[in-house]
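Under the numbering used here, residue 278 is the last one in the sequence shown; the count climbs by one each step, no gaps.
All C-beta atoms, glycine included, are put in the ideal place defined by N, C-alpha and C.
Beneath this line is the structure, given in structure tokens, with notes to follow.
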Amino acid sequence: MSSNPIRARMISPDEGHHVLHPTGALMNIKVFANETGGLYSLMETVLPPGGVVPRHIHTGEDENNFILEGQLTMQIGEDFHLAGPGSYVVAPRGVQQYFKNDGDSNCRFLTTFTPGGAEGFFREAGELIRRLAPEKPSREELLQLQQRYGLSYL
Numbered sequence: 125m126s127s128n129p130i131r132a133r134m135i136s137p138d139e140g141h142h143v144l145h146p147t148g149a150l151m152n153i154k155v156f157a158n159e160t161g162g163l164y165s166l167m168e169t170v171l172p173p174g175g176v177v178p179r180h181i182h183t184g185e186d187e188n189n190f191i192l193e194g195q196l197t198m199q200i201g202e203d204f205h206l207a208g209p210g211s212y213v214v215a216p217r218g219v220q221q222y223f224k225n226d227g228d229s230n231c232r233f234l235t236t237f238t239p240g241g242a243e244g245f246f247r248e249a250g251e252l253i254r255r256l257a258p259e260k261p262s263r264e265e266l267l268q269l270q271q272r273y274g275l276s277y278l
């Protein structure tokens with residue numbers, strides 16, 4: 125008898141855990157790590173024109189991004205990429221990364237974290253932002269969340 129925690133299911137476009145990233149990006153966590161035995165997590169992000177995901181490093185997981193619409197200028201370590209629809213960009217753990225939507229339309233992309241877990245930062249940060257609105261979370265509150273999830277914004 126298998127003890128595989130992964131179950132078959134479909135997640136519709138409007139389902140998931142919707143959060144607002146501290147940078148203003150709209151995120152929808154589709155699959156949490158606890159639903160995959162920790163193997164991975166998956167989220168969809170919409171980054172508006174001019175939107176930036178600041179320089180950061182994940183210490184415990186690889187970040188994999190698949191561009192669905194629009195384009196992202198991405199710096200992974202020392203390498204720069206202009207990623208458009210159909211592009212898949214891997215950001216290994218421990219390597220600095222930065223994304224910017226230089227286009228004039230939204231960029232929509234899927235992100236998997238392997239192993240999963242980093243999505244918890246985005247869930248908690250989004251809940252903090254929602255709870256404090258219209259005020260913003262303090263730097264200290266965000267730093268505590270980053271430390272909990274092995275994430276460093278530079």
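Taking the Cβ atom as the reference point for each residue, do residue i and residue j lie within a distance shorter than 9 Å?
{"i": "T183", "j": "R217", "result": "yes"}
{"i": "L144", "j": "L171", "result": "no"}
{"i": "V214", "j": "I200", "result": "yes"}
{"i": "N230", "j": "P173", "result": "yes"}
{"i": "G241", "j": "G162", "result": "yes"}
Sorted by chain position, which residues of the same chain lie with C-beta nearer than 7 Å to residue i's C-beta, five sequence neighbours on each side aside?
{"i": "P209", "result": "I191, L192, E193"}
{"i": "E243", "result": "I153, F156, A157, S165, M167, F237"}
So residue i and residue j are in contact, right, with Cβ under 8 Å, and what is the actual spacing, rounded?
{"i": "Q221", "j": "E187", "result": "7 Å"}
{"i": "H141", "j": "N158", "result": "Rounded, the Cβ-Cβ distance is 12 Å, inconsistent with contact."}
{"i": "E202", "j": "P239", "result": "Not confirmed; about 25 Å, so no contact."}
{"i": "H180", "j": "Y277", "result": "5 Å"}
{"i": "L252", "j": "P261", "result": "5 Å"}
With a threshold of 6 Å on Cβ separation, who are the neighbours of residue i within its own chain once the five nearest residues in sequence on each side are excluded?
{"i": "F223", "result": "V177, L196, M198"}
{"i": "S126", "result": "The predicted position of S126 is uncertain, since its pLDDT is 47 and thus under 50; a value taken from the coordinates is nonetheless stated next. Same-chain partners within the cutoff: there are none."}
{"i": "Y212", "result": "F190"}
Excluding the 5 residues preceding and the 5 following residue i in the sequence, name in chain order all residues of the same chain whose CB lies nearer than 8 Å to its CB.
{"i": "G175", "result": "T147, G148, A149, K224, N225, C231"}
{"i": "I135", "result": "K154, V155"}
Which full runs of the beta strand (DSSP E) of 3+ residues lie inside the region 132–166, going along the chain? 141–144, 150–155
Are the region 231–238 and the region 265–274 in contact at 8 Å, needing three or more beta carbon pairs? no
Would you list, in sequence order, the uninterrupted beta strand (DSSP E) runs of no fewer than 3 residues that lie entirely inside the region 187–218? 196–200, 203–207, 212–215
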